[in-house]
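Down below is the structure, laid out as structure tokens.
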Amino acid sequence: MQKDSTAKTILVAFLLCMVCSVLVSTAAVKLKSRQIENKKLDIKKNLLMATKLIDSTATKEVINETFKNVETKIVDLETGEFVTDVDVETFDAVKASKDPKRNVIIPSDKDLGKIKKRSKLEKVYFIKDGSQIAQIVLPVNGKGLWSTLYGFLALAPDTKTILGLGFYQHGETAGLGGEVDNPKWKAQWGGKVAFDNDWNPVVKVVKGSVIPSSTNAQHQVDGLSGATITSNGVTGLVNYWLGGHGFGPFLSKLRERGGN
Ligand SMILES: Cc1cc2nc3c(=O)[nH]c(=O)nc-3n(C[C@H](O)[C@H](O)[C@H](O)COP(=O)(O)O)c2cc1C
Numbered sequence: 389m390q391k392d393s394t395a396k397t398i399l400v401a402f403l404l405c406m407v408c409s410v411l412v413s414t415a416a417v418k419l420k421s422r423q424i425e426n427k428k429l430d431i432k433k434n435l436l437m438a439t440k441l442i443d444s445t446a447t448k449e450v451i452n453e454t455f456k457n458v459e460t461k462i463v464d465l466e467t468g469e470f471v472t473d474v475d476v477e478t479f480d481a482v483k484a485s486k487d488p489k490r491n492v493i494i495p496s497d498k499d500l501g502k503i504k505k506r507s508k509l510e511k512v513y514f515i516k517d518g519s520q521i522a523q524i525v526l527p528v529n530g531k532g533l534w535s536t537l538y539g540f541l542a543l544a545p546d547t548k549t550i551l552g553l554g555f556y557q558h559g560e561t562a563g564l565g566g567e568v569d570n571p572k573w574k575a576q577w578g579g580k581v582a583f584d585n586d587w588n589p590v591v592k593v594v595k596g597s598v599i600p601s602s603t604n605a606q607h608q609v610d611g612l613s614g615a616t617i618t619s620n621g622v623t624g625l626v627n628y629w630l631g632g633h634g635f636g637p638f639l640s641k642l643r644e645r646g647g648n
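Take the sequence shown: its position 54, counted from the start at 1, is 442 in our numbering, and no numbers get skipped.
Printed below as a string of structure tokens:
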């Protein structure tokens, strides 16, 4: 073969492609288990950040140690009762929400989070202080502008005072809808009251800033500037998951049982 021939150039390019694709595929396969482990750790971290038990600088060791205070249970959303015959470790509500045998279609008038269907069962997380419940953490999700946002809402034992909200996965635009991750914005959620006196969820991410003297200020959070669609998405998803088609029955059973 001639030194500068077309055939040689194509052969070299072909061999280079083959070597690179083998390297990339090997790396992808070898790192898969680590990626899954890191994703699980990131979910735990975001859950704990919603509870304010850790901050964003927490190490893997701190996250895993703090997570030992978290008791995870599975709830049947329709009845609000705990389910004990499903493995907490392996149950995945996002996967179940896509399985026709394990999901329910959300009636459009109730679908404030615009997710169309949800799993019949969901995980709930209890942060314990001795034998007492200190916090209840609920997984939440719903549509923003570009994506479904997945996160956690932490409630006080009274089931109505919000302690924190944070998202571990979304595809909103950085600087616009992506400001849901801004610590200053997230800090506003702490202390907000999620329900009115009749236990209807009434949280609202307003357009602009909350007027502190307004009677509804206790239920409201500032809007994300230039991102009203994501802001409305957050309003919808929080109210959906706190409502009668979401965790409403579970929260009301919890109140009946006096928080235990
Ligand atoms: C490239 C691009 C990305 C955008 N990303 C978002 C977003 O993530 N969330 C959002 O609500 N609006 C986003 N918007 C703006 C929306 O189209 C819409 O104008 C906005 O939500 C209206 O909010 P405002 O009334 O606060 O301006 C984006 C617009 C552009 C051009």
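Here a beta-carbon is modelled for each residue, glycine too, at the ideal position from N, C-alpha and C.
Nearest C-alpha to His558 among Leu465, Gly530, Val581 and Ile550: Gly530. Counting along the chain, no alpha helix (DSSP H) covers Ser507; the unbroken beta strand (DSSP E) around it starts and ends at Lys505 to Ser507. In the three-state DSSP reduction, Val598 falls in the coil class, being neither helix nor strand. Beyond the five residues adjoining it in sequence on each side, Gly614 comes within less than 7 Å, by CB distance, of Leu564 in the same chain, given in chain order. Residue burial is scored here from C-beta neighbours: Leu419 has fewer than 16 other C-beta atoms within 10 angstroms and is therefore classed as exposed. Relative to ligand 1, the beta carbon of Ile431 is positioned no closer than 6 Å to any heavy atom.
With a contact defined as Cβ atoms closer than 8 Å, Leu541 and Ala438 qualify at about 7 Å.
Under the 8 Å Cβ criterion, the stretch 393-408 does not count as touching the stretch 505-512, having fewer than three qualifying pairs. In the DSSP assignment, Gln523 falls within the unbroken beta strand (DSSP E) covering Gln520 to Lys531. Between Trp577 and Gly552 the beta-carbon gap is near 6 Å, inside 8 Å, which marks them as a contact. Shortest Cα-Cα distance from Val458 to any of Ile617, Ala522 and Arg645 involves Ala522.
In chain order, Phe470 and Val512 place their CB closer than 6 Å to the CB of Lys461, counting only its own chain and leaving out the 5 sequence neighbours on each side.
DSSP places Gln423 inside the alpha helix (DSSP H), whose first and last residues are Thr394 to Thr439.
Gly539 is not a Cβ neighbour of Phe514, given a cutoff of 7 Å.
When rounded, the separation of the alpha-carbon atoms in Phe635 and Thr467 is 10 Å. Exclusion of the five residues before and after Ala605 leaves Val598 and Ile599 as the residues of its chain whose Cβ lies within less than 7 Å of its Cβ. In chain order, His558, Gly559 and Glu560 place their CB closer than 7 Å to the CB of Ser535, counting only its own chain and leaving out the 5 sequence neighbours on each side.
Secondary structure of Gln608 (DSSP, three-state): strand. Ile442 places its beta carbon less than 7 Å from that of Leu436. A check of alpha carbon separations from Arg645 across Tyr628, Lys391, Pro545 and Thr394 identifies Pro545 as the nearest. In this structure, the C-beta of Glu560 approaches ligand 1 to less than 6 Å from one of its heavy atoms. DSSP places Leu630 in the helix class (H, G or I) of the three-state scheme. For Asn452, the enclosing alpha helix (DSSP H) begins and ends at Lys448 to Phe455.
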